[in-house]
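Student:
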Amino acid sequence: MGCFCSKNTRHTPGYEEPTVLAAETPFTVSEVEALYELFKKLSSSIIDDGLIHKEEFQLALFKNRNKRNLFADRIFDLFDIKRNGVIEFGEFVRSLGVFHPNAPEADKIGFAFRLYDLRHTGYIEREELKEMVLALLQESDLILSDDIVEVIVDKTFNEADTKGDGRIDQEEWKEFVSKNPSLIKNMTLPYLKDITLAFPSFVVSAEVEDLE
Amino acid sequence: AAPVTMNAFELISTSQGLNLSSLFEK
């Protein structure tokens with residue numbers, strides 16, 4: 001069997017074999033290959049170095065490289081597992097794996113908790129919740145009085161903080177999500193089931209066959 | 213009165229920054 005394909009394929013820094021990533025995530029090998037096509041597109045949109053930079057992530061999300069957003073920043077930071085300011089291919093696939101429809105619900109709940117634990121204290125604190133509500137209002141051009149924001153935050157906090165210690169821990173969060181399952185709806189991307197149709201990757205497929 | 217009865221996390225989860233489906237748009 002020929003191997004001209006693999007010899008000629010140049011991969012980006014941080015590239016990992018689809019078989020390795022498929023073994024660690026809910027994705028199949030061909031889905032990982034399709035994600036590589038998507039990754040190449042995203043990681044070359046501004047700086048063609050095979051890494052997703054913050055501006056490229058913002059461009060993909062908002063069609064605007066300069067649009068700052070608290071939540072997009074948090075997602076980027078969580079995807080950037082090595083915390084070196086860029087998203088590598090392996091990080092991209094492992095993180096997106098949480099959003100796969102077949103990923104364990106516990107992983108989705110845990111990811112959302114880390115997302116909302118803005119200051120990495122291991123808790124979601126009242127101030128953090130208020131900061132996120134204010135960020136959402138600003139993003140949506142919604143204006144609510146500070147009193148109303150306080151009421152929304154207080155009400156939610158009182159429901160979630162069952163131990164009443166002024167902060168939401170992982171156990172309380174899990175319980176709160178079980179009562180309000182819609183809270184992790186955005187942790188599932190149905191697109192990921194059809195990723196091979198959206199981003200077919202014939203060349204890389206041939207390479208994997210060669211390896212096998 | 214609708215926003216007052218709204219769950220704050222529910223509100224946050226509508227953020228465009230959390231909607232990763234945009235990554236898949238061609």
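Top to bottom, those sequences are chains A and B. When we follow the numbering used here, the leftmost residue of the first sequence carries the number 1, and every step to the right adds one. When we follow the numbering used here, the leftmost residue of the second sequence carries the number 213, and every step to the right adds one. Every residue gets a Cβ at the ideal spot worked out from N, C-alpha and C, and that includes glycine.
Helix, strand or coil for R119(A) per DSSP?
Tutor: Within the first sequence, numbered from 1, the residue matching residue 119(A) stands at position 119. Looking at R119(A) - three-state DSSP - the assignment turns out to be coil, as it is neither helix nor strand.
Student: Hey, would you say R126(A) sits closer than 8 Å to F176(A), going by beta carbons?
Tutor: Here residue 126(A) refers to the residue found at position 126 of the first sequence. Here residue 176(A) refers to the residue found at position 176 of the first sequence. Contact: no.
Student: For chain B, is any of its Cβ atoms less than 8 Å away from the one on E37(A)?
Tutor: Residue mapping note: residue 37(A) aligns to position 37 of the first sequence, counting from 1. Chain B, which has no Cβ nearer than 8 Å to the Cβ of E37(A), makes this no.
Student: Among E91(A), S140(A), E16(A), P181(A), whose alpha-carbon lies nearest the alpha-carbon of H53(A)?
Tutor: By one-based count along the first sequence, residue 53(A) stands at place 53. With distances taken between Cα atoms, H53(A) lies closest to E91(A).
Student: Output the distance between the C-alpha atoms of S30(A) and S145(A), rounded to the nearest integer angstrom.
Tutor: Position 30 of the first sequence holds residue 30(A). Position 145 of the first sequence holds residue 145(A). If you take the alpha carbons of S30(A) and S145(A), they lie about 50 Å apart.
Student: Report the start-end ranges of each alpha helix (DSSP H) in the segment 96-158 of chain A that is 4 residues or longer and not cut off at the edges.
Tutor: List check, alpha helix (DSSP H) in window: 105-116, 126-139.
Student: Report the three-state DSSP secondary structure of I87(A) (helix, strand or coil).
Tutor: Looking up residue 87(A) in the first sequence gives position 87. Three-state DSSP puts I87(A) in a strand.
Student: Less than 6 Å between C-beta atoms, sequence neighbours within five positions excluded: which residues of the same chain meet that for F39(A)?
Tutor: Stepping through the first sequence from its first residue, residue 39(A) is reached at position 39. Cβ within range, chain order: F89, F92.
Student: With distances taken between CB atoms, is the gap from E171(A) to A160(A) smaller than 8 Å?
Tutor: Translated into positions along the first sequence, residue 171(A) becomes position 171. Translated into positions along the first sequence, residue 160(A) becomes position 160. Their beta carbons are not under 8 Å apart, which means E171(A) does not touch A160(A) by this criterion.
Student: By Cβ distance, which residues of its chain are closer than 8 Å to I143(A), with the 5 residues on each side in sequence left out?
Tutor: Position 143 of the first sequence, counted from the first residue, corresponds to residue 143(A). Correct list, in chain order: L137.
Student: Would you mind sorting L197(A) into buried or exposed? The rule is 16 or more other CB atoms within 10 Å of its CB.
Tutor: Position 197 of the first sequence, counted from the first residue, corresponds to residue 197(A). So L197(A) ends up on the exposed side.
Student: Would DSSP call I75(A) helix, strand or coil?
Tutor: Numbered from its first residue, the first sequence carries residue 75(A) at position 75. Three-state DSSP puts I75(A) in a helix.
Student: Spell out whether any CB of chain B is found under 8 Å from the CB atom of N64(A).
Tutor: Within the first sequence, the letter at position 64 stands for residue 64(A). For N64(A), the answer is no, since every Cβ of chain B falls outside 8 Å of its Cβ.
Student: Spatial neighbours of N102(A) within its chain, please: CB distance less than 8 Å, with the 5 preceding and 5 following residues excluded, ordered by chain position.
Tutor: Here residue 102(A) refers to the residue found at position 102 of the first sequence. Excluding positions up to five away in sequence, the list reads P26.
Student: Taking the alpha-carbon of L61(A) as reference, which of G50(A), S45(A), D49(A) has the nearest alpha-carbon?
Tutor: Locating residue 61(A) in the first sequence gives position 61, where the first residue counts as 1. Nearest option by C-alpha distance: S45(A).
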